[in-house]
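Report on the following structure.
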Amino acid sequence: MKYLKLSLMIVITSILSFMPVYALEERNESNNFGVNKKEIKITSSNKENVMATPYVDASEKIYDYADILTDQEEEYLYKKVQEFISTTNMDMVILTDSKSYNYDSQNETYATDFYDYNDFGLNLENYSGVLLYRNAYELDPYYNVYMFGNAQLYYDFDRSEEMLDAIYDDMRSQSYLSAFEDFVDIYTNFYEDGIPSSMRDYDIDEMGFMYKKYSYPWGWALLFSGIISLIYASIFIGRNKMVKKSREAQDYLAKEDIDIYKTVDQYLRSTTSSYTVSPSSSSSGGGGGFSSGGSSGMGHSSGGGRHG
1 MKYLKLSLMI VITSILSFMP VYALEERNES NNFGVNKKEI KITSSNKENV MATPYVDASE
61 KIYDYADILT DQEEEYLYKK VQEFISTTNM DMVILTDSKS YNYDSQNETY ATDFYDYNDF
121 GLNLENYSGV LLYRNAYELD PYYNVYMFGN AQLYYDFDRS EEMLDAIYDD MRSQSYLSAF
181 EDFVDIYTNF YEDGIPSSMR DYDIDEMGFM YKKYSYPWGW ALLFSGIISL IYASIFIGRN
241 KMVKKSREAQ DYLAKEDIDI YKTVDQYLRS TTSSYTVSPS SSSSGGGGGF SSGGSSGMGH
301 SSGGGRHG
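By the numbering used here, the letter at position 265 of the sequence shown is numbered 265, and the numbering carries on one by one without gaps.
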């Protein structure tokens, strides 16, 4: 009997050792509720979200709470995600769960909180990374991708939509390994293609929001200065037309020389003043406005999301 209990304990311990472990110690005040991103402040308005977010080891990368992957599939995907991280210097997370919801925004809040309130992208510029979330809720399954930091520049809405469409059939048929594998490959290829033209005028601030980079409006400046030049040229031409041309000899001889010099002097002063040009004005660029904020106050962007 003693040996039977010992054998049973060994078997149970062995099984537990192979089970994936995502949760760390509980969130509490002593560890700042598990939030280590210095820009995020815990307040009365977001504390409830923080406490409702699973506290995980950010090195795992695959968090299959819906239990839709085998251990071998998780291990395979983990290696692919690590290759993505090494190639792009951006984080990547695959998250699954099975949660009831009434609005798509509830999925977005859960997914973005999961990224923001854990240590994903912690040692990367602007906490850059992407998260693919699959809500396997039986009554209305849903999935979407969310971008953080510099990943927003590489994966604009069009690229995200292309990826979401590409994996739709596999998601709908629950061929999850194939869907997640394609997600990693497609986003790796997009990164290697560089930042799309739609995002080249934008940058990311320290809170993860996109903004439009300032560029001097040379086109408007040239147009404005051209219009001013045309106006002054028109005035100058109009004044010249008002000068009476002398046709008879007496027009030149009837006046004293001093009078002639005065006329010329007045004409020269008038001509010089007609070329005075006022400084052109400049305008500043506006913000991008593509990022949206989560409960953490950090910015992110997303695809359009899919049901099925």
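Every residue, glycine too, gets a C-beta built ideally from N, C-alpha and C.
What separation, rounded to the nearest whole angstrom, lies between the Cα atoms of residue 295 and residue 147? Whole-angstrom Cα-Cα distance: 15 Å.
How many angstroms separate the CA atom of residue 95 from the CA atom of residue 111? Residue 95 and residue 111: Cα-Cα distance of roughly 8 Å.
Residues in the same chain with beta-carbon distance under 8 Å from residue 304, minus the five sequence neighbours each way, listed in chain order, please. Excluding sequence positions up to five before and after residue 304, its CB lies within less than 8 Å of the CB of 144, 157, 160, 161, 164, all in the same chain and listed in chain order.
Rounded C-alpha distance that separates residue 113 from residue 53: Rounded to the nearest angstrom, the two C-alpha atoms are 7 Å apart.
Whose C-beta lies closer than 7 Å to the C-beta of residue 293 among residues of the same chain, with five residues either side of it excluded? Take residue 293, set aside five residues on each side of it, and the residues of its chain with a beta-carbon closer than 7 Å to its own are 299, in chain order.
Assuming the contact rule is C-beta atoms closer than 8 Å, residue 80 and residue 181 should be a hit. Round their C-beta distance to whole Å, please. Between residue 181 and residue 80 the Cβ distance is about 7 Å, and since that is below 8 Å, they are a contact.
Using C-beta distances below 6 Å, list every residue in its chain close to residue 35, excluding the 5 sequence neighbours before and after it, in chain order. These residues qualify, in order along the chain: 117.
Quick one: Cα of residue 42 to Cα of residue 115, how far? Roughly 15 Å separates the two Cα atoms.
What three-state label does DSSP hand residue 111 in the structure shown? Annotated three-state conformation of residue 111 is helix, per DSSP.
Distance between beta carbons of residue 130 and residue 187, contact taken as under 8 Å: Confirmed, about 6 Å.
Nearest-angstrom Cα distance between residue 149 and residue 48? Between residue 149 and residue 48, the alpha-carbon positions lie close to 24 Å from each other.
Could you spell out where the beta strand (DSSP E) holding residue 68 opens and where it closes? In this chain, residue 68 is not harboured by any beta strand (DSSP E), its DSSP state being neither H nor E.
So the alpha helix (DSSP H) residue 159 belongs to, where does it begin and stop? Membership of residue 159 in the alpha helix (DSSP H) is indicated by the continuous run 157–166.
Whole angstroms is fine: what's the gap from residue 68's alpha carbon to residue 174's? Residue 68 and residue 174 have their alpha carbons spaced roughly 8 Å apart.
Just to confirm my understanding: we take residue 125, look at its own chain, exclude 5 residues before and 5 after, and list those with CB closer than 8 Å. What are they? For residue 125, where only same-chain residues beyond five positions count, the Cβ hits under 8 Å are 89, 149, 150.
Can you grab the Cα-Cα spacing for the pair residue 92 / residue 24, in whole Å? Computed Cα separation, rounded: 19 Å.
Identified DSSP bridge partners for residue 134: DSSP lists 96, 143 as partners of residue 134.
With residue 133 and residue 107 assumed to form a contact (beta carbons below 8 Å), what rounded beta-carbon distance in angstroms separates them? Indeed they touch by this definition, with Cβ atoms about 6 Å apart.
Pop quiz: residue 306 and residue 168 are said to be a contact at Cβ under 8 Å. What is the actual Cβ separation, rounded to whole angstroms? With 8 Å as the limit, residue 306 and residue 168 qualify as a contact, their Cβ atoms being about 6 Å apart.
Residue 210 - DSSP class collapsed to helix/strand/coil: The answer is strand: DSSP assigns residue 210 an E or B state.
To the nearest angstrom, report how far apart residue 301 and residue 194 are at their CA atoms. Between the alpha carbons of residue 301 and residue 194 lies a gap of roughly 18 Å.
Selection from 39, 178, 103, 191 that minimises the alpha carbon distance to residue 208: Each of 39, 178, 103, 191 was checked against the Cα of residue 208, and the nearest Cα belongs to 39.
Would you tell me roughly how many angstroms separate the C-alpha atoms of residue 199 and residue 72, rounded to the nearest one? One C-alpha to the other measures close to 37 Å.
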